[in-house]
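Participant: Here it is: the structure, laid out below.
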Amino acid sequence: MPPTVASRPRGGPGGRSPRECGDLPFVIRRDGTWLYRGSAINRKELVCLFASVLRREEDGSWWLQTPAERGRIEVEDAPFVAVELDWTGEGRRQVLSFRTNVDQVVTAGPDHPIRVAHDILTCEPTPYLLVRPGAGHLGIEARINRAVYYELVALAVPEWVGCRRMLGVWSQGHFFPLGELPTGEE
471 MPPTVASRPR GGPGGRSPRE CGDLPFVIRR DGTWLYRGSA INRKELVCLF ASVLRREEDG
531 SWWLQTPAER GRIEVEDAPF VAVELDWTGE GRRQVLSFRT NVDQVVTAGP DHPIRVAHDI
591 LTCEPTPYLL VRPGAGHLGI EARINRAVYY ELVALAVPEW VGCRRMLGVW SQGHFFPLGE
651 LPTGEE
C-alpha cells in the first residue's frame with residue numbers, strides 16, 4: 471500500500487529530515503517587526519516568504535524550515551499581528567475575519583479560536599487568534615492589535631459560559647469570551 475501523506479517521512483529530499491543550522495539571527499518583535507541581525511526587514515514580500523516557512527515545535531521553540539534546512543529563531547510574543555477586522559452578520563451567525571501583518575486572512579471559528587491572556591502583574595488583556603496549528607498543542611498565533619481588539623469589544627455580547635457571565639464575540643457559531651462581566655452587569 472502506498473504511504474499516505476500523514477505517514478510519509480517529512481523533511482528534505484528522499485524523506486531525510488532537514489539539516490539543522492542552529493540558531494539563526496532572526497527575531498520577530500512583539501509588534502510583528504521581523505529583524506535580521508538586528509535590522510528590520512522592510513520588504514514585505516520577504517517577510518511573507520519567511521512567514522510561510524515558520525514552524526513551532528512542541529517545546530515552544532520557533533523555526534524557519536525549508537525541505538532542506540531549518541534553523542531556530544527568536545519570537546518575542548506571537549509571530550503575527552491581526553491588523554484588520556471584517557465581519558458579517560450578527561449574533562450567533564456573525565463571522566469575524568482578520569487580516570494579519572503578512573496579509574493572511576483568518577476567519578475565527580472552531581479551527582481558529584480567539585483567546586485572551588492576562589498579564590500576571592497588570593491583568594491587562596492580550597487577545598490572540600490561532601492562525602495555524604503548530605506541533606502538539608502549541609499553535610501559531612497572531613496577537614490582535616489594540617485597535618482591532620477595540621472593534622471586537624464593540625461587537626461583544628454577554629453570554630453565560632458555565633456558571634460565569636462573560637462578554638465575548640460570536641464567529642461561525644462559536645462564542646469566544648473576551649472577559650468576565652462583574653456580577654449584576656450586562
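For the sequence shown, my numbering begins at 471 and goes up steadily by one.
Every residue, glycine too, gets a C-beta built ideally from N, C-alpha and C.
#1: I'd like to confirm the pairing. Which residues does DSSP put opposite residue 490 in its beta bridges?
#2: Taking only three categories from DSSP, how would you classify residue 627?
#3: Given this structure, state the Cα-to-Cα distance separating residue 527 from residue 512, to the nearest angstrom.
#4: Which of the three DSSP states, helix, strand or coil, is assigned to residue 641?
#5: Would residue 639 and residue 622 be called neighbours here (beta carbons separated by less than 8 Å)?
#6: Tell whether a beta-carbon distance below 8 Å holds between residue 611 and residue 548.
#7: Report the rounded CA-to-CA distance for residue 493 versus residue 557, giving the unit in angstroms.
#8: For the candidate residues 632, 627 and 546, whose alpha-carbon lies nearest to that of residue 641?
#9: What is the residue span of the beta strand (DSSP E) that residue 516 lies within?
#10: Am I right that residue 495 and residue 506 are in contact with their C-beta atoms under 8 Å? What's the rounded C-beta distance?
#11: Which same chain residues end up closer than 8 Å to residue 601 when comparing Cβ atoms and leaving out the 5 residues on each side of it in sequence?
#12: Where DSSP assigns a beta bridge to residue 617, which residues make up the other side?
#13: Measuring alpha carbon to alpha carbon, tell me which of 544, 580, 596 and 589 ends up nearest residue 468.
#14: What is the rounded straight-line gap between the Cα of residue 635 and the Cα of residue 503?
#15: Where does residue 499 sit, in a helix, a strand or coil, going by DSSP?
#16: Count the other CB atoms, across all protein chains shown, that sit within 10 Å of the CB of residue 523; report buried if there are 16 or more and exposed otherwise.
#17: Is it buried or exposed for residue 510, if we count other Cβ within 10 angstroms and need 16 for buried?
Facilitator: Once the coordinates are examined:
#1: Answer by DSSP bridge pairing, in chain order: 540.
#2: Here DSSP, grouped into helix, strand and coil, assigns residue 627 to strand.
#3: Rounded to whole angstroms, residue 527 to residue 512 spans 27 Å at the Cα level.
#4: Taken through DSSP and simplified to helix, strand or coil, residue 641 comes out as strand.
#5: Their beta carbons are under 8 Å apart, which means residue 639 touches residue 622 by this criterion.
#6: For the pair residue 611 and residue 548, the CB atoms are nearer than the 8 Å cut-off.
#7: Pairing residue 493 with residue 557, the inter-Cα distance amounts to about 40 Å.
#8: When the alpha-carbon of residue 641 is set against those of 632, 627 and 546, the nearest one is in 627.
#9: Premise fails: residue 516 lies in the alpha helix (DSSP H), 514 to 522, not in any beta strand (DSSP E).
#10: That pair is a contact at about 6 Å.
#11: Result list for residue 601: 550, 570, 574, 576, 582, 609, 610, 611 and 612, in chain order.
#12: In DSSP, residue 617 forms no bridge with anything.
#13: Outside the shown range of the chain (471 to 656) lies residue 468, about which nothing can therefore be said.
#14: Straight through space, the alpha carbons of residue 503 and residue 635 are spaced by roughly 37 Å.
#15: Residue 499 falls in the coil class under three-state DSSP.
#16: Burial call: exposed.
#17: Exposed: under 16 other Cβ atoms inside 10 Å.
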